[in-house]
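Numbering-wise (the numbering used here), the sequence shown opens with residue 1 and increments by one.
Backbone N, C-alpha and C fix where the C-beta goes; we use that ideal spot for every residue, glycine too.
Written below as structure tokens is the structure these notes are about.
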Amino acid sequence: MTASHSPISPRRTPHRTAGAKTAAKAAAKRSVSASLPVEPVGSGSAKGRQTRQAIIDCALQMAGRIGLEGLSIGVLADRMEMSKSGVFAHFGSREELQIAVIRHYHDQFEQEVFYRAIEQPRGMPRLAAMVQRWLQRVSVEMETGCIYISSAVEFDDRPGTVRDALVAMIQTWHDAVRRAIVQAIEMGHLKPDTDPQQLMFQIHGYILALHHDARLLRLPNSLELACRSLDALLRDHATPEGLPLLLPCLAKEHPASDSTPH
Numbered sequence: 001m002t003a004s005h006s007p008i009s010p011r012r013t014p015h016r017t018a019g020a021k022t023a024a025k026a027a028a029k030r031s032v033s034a035s036l037p038v039e040p041v042g043s044g045s046a047k048g049r050q051t052r053q054a055i056i057d058c059a060l061q062m063a064g065r066i067g068l069e070g071l072s073i074g075v076l077a078d079r080m081e082m083s084k085s086g087v088f089a090h091f092g093s094r095e096e097l098q099i100a101v102i103r104h105y106h107d108q109f110e111q112e113v114f115y116r117a118i119e120q121p122r123g124m125p126r127l128a129a130m131v132q133r134w135l136q137r138v139s140v141e142m143e144t145g146c147i148y149i150s151s152a153v154e155f156d157d158r159p160g161t162v163r164d165a166l167v168a169m170i171q172t173w174h175d176a177v178r179r180a181i182v183q184a185i186e187m188g189h190l191k192p193d194t195d196p197q198q199l200m201f202q203i204h205g206y207i208l209a210l211h212h213d214a215r216l217l218r219l220p221n222s223l224e225l226a227c228r229s230l231d232a233l234l235r236d237h238a239t240p241e242g243l244p245l246l247l248p249c250l251a252k253e254h255p256a257s258d259s260t261p262h
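Listed below in structure tokens is the structure:
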């Protein structure tokens with residue numbers, strides 16, 4: 001399963017009314033939803049939906065520490081003080097539970113990173129906001145771990161529905177960043193010879209390096225290094241018109257010592 005649409009809204013004119021902006025953001029949200037696996041909608045009661053969400057919340061907290069493979073109906077039943085059959089009734093299988101956790105994490109990521117970033121004008125402001133909020137998200141996950149990254153290690157060579165869902169959601173985000181890069185080139189904020197795929201690869205590489213050095217090596221200045229590296233990367237590709245639109249480095253606004261886990 002792959003993402004078929006970029007979450008970035010369709011091309012529009014620079015001068016927009018408030019109604020046009022609202023419509024464009026709504027289109028972006030629809031595009032995100034269209035690219036993801038469809039979540040089954042049950043006919044259960046409001047209490048049943050609340051219980052299901054409570055199970056997913058608990059599972060997400062656990063997955064950050066023990067991984068998706070560590071999740072099981074039995075483990076969650078013990079943690080939630082429910083019967084195994086009670087937990088099973090909400091998901092039907094371990095795979096459905098894992099996919100529900102990935103989707104819940106993706107929803108949180110969208111709200112904290114993507115939707116906040118697209119409030120910025122397209123071009124360098126939006127791209128810089130995406131990078132900054134992505135860094136900020138990873139920085140607060142230094143203790144709990146990033147589901148996208150840890151699950152990629154678990155499922156990279158395991159074909160199946162869980163891997164498909166994970167790939168679709170990660171690809172949706174990567175497509176959004178690539179589209180923001182293309183828009184920045186079109187707006188004259190990035191140099192015309194900038195390769196969107198190459199720049200996306202480098203941005204993602206620094207994010208992975210931050211996660212590795214902060215969690216495995218426990219380097220105290222890993223966030224500062226990542227911030228400086230990404231800031232320099234964008235500056236290297238920026239045009240004279242794009243440079244003034246760069247956001248301040250994340251390290252200056254959110255020092256590593258102030259980062260707290262979820």
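Does the beta-carbon of residue i have 16 or more other beta-carbons within 10 angstroms, so that it is buried, or is it exposed?
i	result
Gln50	exposed
Ser85	exposed
His212	exposed
Gly48	exposed
Ile66	exposed
Arg235	exposed
Leu217	exposed
Ser150	buried
Arg158	exposed
So the candidates are the options; which of them puts its Cα closest to the Cα of residue i?
i	options	result
Ala232	Tyr206, Val113, Leu97 and Asp193	Tyr206
Glu186	Ser151, Ala214, Ile118 and Ala238	Ala238
Gly70	Ile147, Asp195 and Leu246	Ile147
Arg215	Ser93, Phe114, Arg52 and Ser139	Ser139
His106	Met169, Gln136 and Ile66	Met169
Glu96	Ile55, Asp78 and Glu119	Ile55
Met124	Pro220, Lys191, Arg228 and Ser229	Lys191
Thr144	Ala59, Ala46, Leu245 and Phe88	Ala59
Leu64	Ser93, Glu141 and Pro196	What sits at residue 64 in the sequence shown is Gly, not Leu. Among Ser93, Glu141 and Pro196, the Cα nearest to that of Gly64 belongs to Glu141.
Asp156	Met80, Ser83, Val182 and Leu68	Leu68
Gly92	Arg79, Ser72 and Gln111	Ser72
Does the distance from the C-beta atom of residue i to that of residue j stay below 8 Å?
i	j	result
Ile203	Val101	no
Phe114	Ala152	no
Val162	Gln120	no
Leu246	Ala117	no
Cys227	Leu135	yes
Ala184	Gly242	yes
Leu267	Leu210	An answer regarding residue 267 cannot be provided, because it is not within the stretch 1 to 262 covered by the chain.
Following the continuous alpha helix (DSSP H) through residue i, name the residue where it begins and the one where it ends.
i	result
Ile185	Thr161 to Glu186
Cys58	Ala46 to Ile66
Ala152	Ile147 to Phe155
Leu76	Ile73 to Met80
- Which ranges would you report for the alpha helix (DSSP H) in the region 180-236 if only whole runs of at least 4 residues count? If you keep only unbroken alpha helix (DSSP H) runs of at least 4 residues inside the region 180-236, you get 196-215.
- Which ranges does the alpha helix (DSSP H) cover as unbroken runs of at least 4 residues, wholly within the region 91-131, from first to last along the chain? Annotation: the region 91-131 contains the following complete segments of the alpha helix (DSSP H) (minimum length 4 residues), in chain order: 94-109.
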